[in-house]
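Residue numbers (the UniProt record's numbering): 1 to 257. Just so it is clear, CB atoms sit at the ideal spot from N, CA and C, and this is done for glycine as well. What you are looking at is a predicted structure, and each value in this text was computed from that prediction instead of being measured. One structure is given below, encoded as structure tokens.
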Amino acid sequence: MNDVCCVTANILLSGRDKSIAAMTMNTLCAAFRKIAVGRISTAATARYSTQRSNRDANIGSRLTSDTCGMQCGTGTIHSIKFIPGTLNIDIRMPANGSLIRNIIESPAIKIPPLREPVKRLPIQYDSPVPEKSVDLPTSGRIIDKQAENMLRIRHKKMKKHKRKKLRKKMKFVWAKIRLKRAHKRERLFQAELRAKVKEAQAFDPKEYVNEKLNILNKERLPRMFRGEILPPEMIKQFVNEKKARKDAKRNKPRLTL
Numbered sequence: 001m002n003d004v005c006c007v008t009a010n011i012l013l014s015g016r017d018k019s020i021a022a023m024t025m026n027t028l029c030a031a032f033r034k035i036a037v038g039r040i041s042t043a044a045t046a047r048y049s050t051q052r053s054n055r056d057a058n059i060g061s062r063l064t065s066d067t068c069g070m071q072c073g074t075g076t077i078h079s080i081k082f083i084p085g086t087l088n089i090d091i092r093m094p095a096n097g098s099l100i101r102n103i104i105e106s107p108a109i110k111i112p113p114l115r116e117p118v119k120r121l122p123i124q125y126d127s128p129v130p131e132k133s134v135d136l137p138t139s140g141r142i143i144d145k146q147a148e149n150m151l152r153i154r155h156k157k158m159k160k161h162k163r164k165k166l167r168k169k170m171k172f173v174w175a176k177i178r179l180k181r182a183h184k185r186e187r188l189f190q191a192e193l194r195a196k197v198k199e200a201q202a203f204d205p206k207e208y209v210n211e212k213l214n215i216l217n218k219e220r221l222p223r224m225f226r227g228e229i230l231p232p233e234m235i236k237q238f239v240n241e242k243k244a245r246k247d248a249k250r251n252k253p254r255l256t257l
């Protein structure tokens with residue numbers, strides 16, 4: 001279609017009357033919109049309208065001189081015949097197919113599908129480590145520290161001064177607190193001392209000795225006798241019988257000379 005437009009524009013623009021050529025060009029552009037040119041057929045017929053339109057004028061202005069110049073060599077092969085009510089175009093396409101390769105009916109535009117972006121970790125580059133350390137430039141003169149511990153000594157002096165000031169301010173307050181604590185300790189000691197004096201005054205030595213003797217003279221009975229749990233009375237009876245037999249054996253009468 002582009003080749004036919006270029007050839008037609010070359011033929012029409014070579015005429016003497018430029019206005020007639022422009023009108024004819026607009027008419028041809030309107031007719032080309034209805035023409036269907038195949039790869040095999042060499043002729044096409046279509047109805048065209050004699051009305052001028054602004055859209056057709058824009059189409060005619062798109063033809064450039066470069067495109068027309070490329071196809072000027074094939075102008076002698078093509079021929080256009082005008083018949084009332086029809087348009088007969090004889091393209092005479094060569095059999096070797098050199099012209100067909102320049103015709104692009106519907107260019108195949110492959111649009112890649114939308115995909116999710118691949119999640120990639122950022123590339124880590126090892127920054128070059130300088131072998132030598134870079135120090136700031138020093139000034140011409142070096143200033144020595146004349147008092148390195150001045151701040152520390154000043155802090156100690158201020159703490160000592162504040163401590164003295166606080167002691168002077170809170171002298172009587174702290175003395176009052178210490179006195180209250182001493183009086184409290186004294187009262188507790190006096191109460192404990194009075195309790196011990198009362199306990200000593202209530203002590204009876206005779207009663208104390210009798211309690212100790214009762215503990216020593218108290219007869220202790222076992223809970224079991226020969227592996228059996230028995231009442232205390234029965235255990236006491238069995239123990240007395242056993243003791244009597246031992247005494248009888250010990251006090252057995254013997255003959256004497």
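Query raised in the report: alpha helix (DSSP H) containing GLN124: first to last residue?
Result: If you number the sequence shown from 1, residue 124 lands on position 124. It is not in any alpha helix (DSSP H) - GLN124 carries neither H nor E in the DSSP assignment.
Query raised in the report: Within this structure, are the beta carbons of ILE235 and LEU221 separated by less than 8 Å?
Result: Here residue 235 corresponds to residue number 235 of the sequence shown, with the count starting at 1. Here residue 221 corresponds to residue number 221 of the sequence shown, with the count starting at 1. Contact flag set, yes.
Query raised in the report: So ILE229 packs on ARG223, CB below 8 Å; how close in whole Å?
Result: In the sequence shown, the residue the question calls residue 229 occupies position 229. In the sequence shown, the residue the question calls residue 223 occupies position 223. That pair is a contact at about 6 Å.
Query raised in the report: Going straight from the alpha carbon of ARG167 to that of LYS180, what length do you get?
Result: The residue labelled residue 167 in the question sits at position 167 within the sequence shown. The residue labelled residue 180 in the question sits at position 180 within the sequence shown. Answer to the nearest angstrom: the Cα atoms are 19 Å apart.
Requested in this report: Could you tell me the boundaries of the alpha helix (DSSP H) in which PRO113 lies?
Outcome: Numbered from 1 along the sequence shown, position 113 holds the residue referred to as residue 113. Counting along the chain, no alpha helix (DSSP H) covers PRO113, and no H or E run does either.
**Report entry** alpha helix (DSSP H) segments (min. 4 residues) lying fully within the region 162-214
**Finding:** Fully enclosed alpha helix (DSSP H) runs of 4 or longer: 171-201.
**Report entry** Limits of the alpha helix (DSSP H) - the one that GLU233 falls within
**Finding:** Position 233 of the sequence shown holds residue 233. Note, GLU233: alpha helix (DSSP H), 232-250.
Query raised in the report: Taking the C-alpha atoms as reference points, what is the distance between GLU131 and PRO117?
Result: Start at 1 with the first residue of the sequence shown, and residue 131 comes out as number 131. Start at 1 with the first residue of the sequence shown, and residue 117 comes out as number 117. Computed Cα separation, rounded: 40 Å.
Query raised in the report: LYS159 to LEU193, Cα distance in whole Å?
Result: One-based indexing of the sequence shown puts residue 159 at position 159. One-based indexing of the sequence shown puts residue 193 at position 193. Rounded to the nearest angstrom, the gap between the Cα atoms of LYS159 and LEU193 is 45 Å.
Query raised in the report: What is the DSSP secondary structure of PRO253, counted as helix, strand or coil?
Result: By 1-based counting over the sequence shown, the position of residue 253 is 253. For PRO253, the three-state secondary structure derived from DSSP is coil.
Query raised in the report: Cα separation between residue 258 and LYS110?
Result: With the chain represented from 1 up to 257, any question about residue 258 goes unanswered, as that position is not in the structure.
Query raised in the report: Using a Cβ-Cβ cut-off of 7 Å (strictly less than) and excluding sequence neighbours within five positions of GLY73, which residues of its own chain qualify?
Result: Translated into the one-based positions of the sequence shown, residue 73 becomes position 73. For GLY73, the predicted model reports a pLDDT of 44, less than 50, meaning its position is unreliable; a value from the coordinates is still stated below. Cβ neighbours of GLY73 beyond the five flanking positions: none.
Query raised in the report: From PRO231 to LYS243, what distance separates their C-alpha atoms?
Result: In the sequence shown, counting from the first residue as 1, residue 231 sits at position 231. In the sequence shown, counting from the first residue as 1, residue 243 sits at position 243. Taking the Cα positions, PRO231 is about 19 Å away from LYS243.
Report task. Can you say whether THR27 is buried or exposed, counting buried as having 16 or more other CB atoms within 10 angstroms of its CB? Result -> Counted from its first residue, the sequence shown places residue 27 at position 27. The residue is buried, with at least 16 neighbouring Cβ atoms inside 10 Å.
**Report entry** Cα-Cα separation between HIS161 and PHE172, rounded to whole angstroms
**Finding:** Residue 161 sits at position 161 when you count from the first residue of the sequence shown. Residue 172 sits at position 172 when you count from the first residue of the sequence shown. Cα-Cα distance, rounded: 19 Å.
Query - For ILE142, the three-state DSSP class (helix, strand or coil) - result: In the sequence shown, residue 142 corresponds to position 142, counting from 1. Coil, per DSSP.
**Report entry** Backbone CA spacing between LEU151 and LYS157 [nearest angstrom]
**Finding:** Mapped onto the sequence shown, residue 151 falls at position 151. Mapped onto the sequence shown, residue 157 falls at position 157. Between LEU151 and LYS157, the C-alpha separation is close to 10 Å.
Query raised in the report: In whole angstroms, what is the alpha-carbon distance linking ARG245 and LYS198?
Result: On the sequence shown, position 245 is the one that residue 245 refers to. On the sequence shown, position 198 is the one that residue 198 refers to. If you take the alpha carbons of ARG245 and LYS198, they lie about 54 Å apart.
Query raised in the report: Name the DSSP bridge partner or partners of MET23?
Result: In the sequence shown, counting from the first residue as 1, residue 23 sits at position 23. Beta-bridge analysis with DSSP links MET23 to no other residue.
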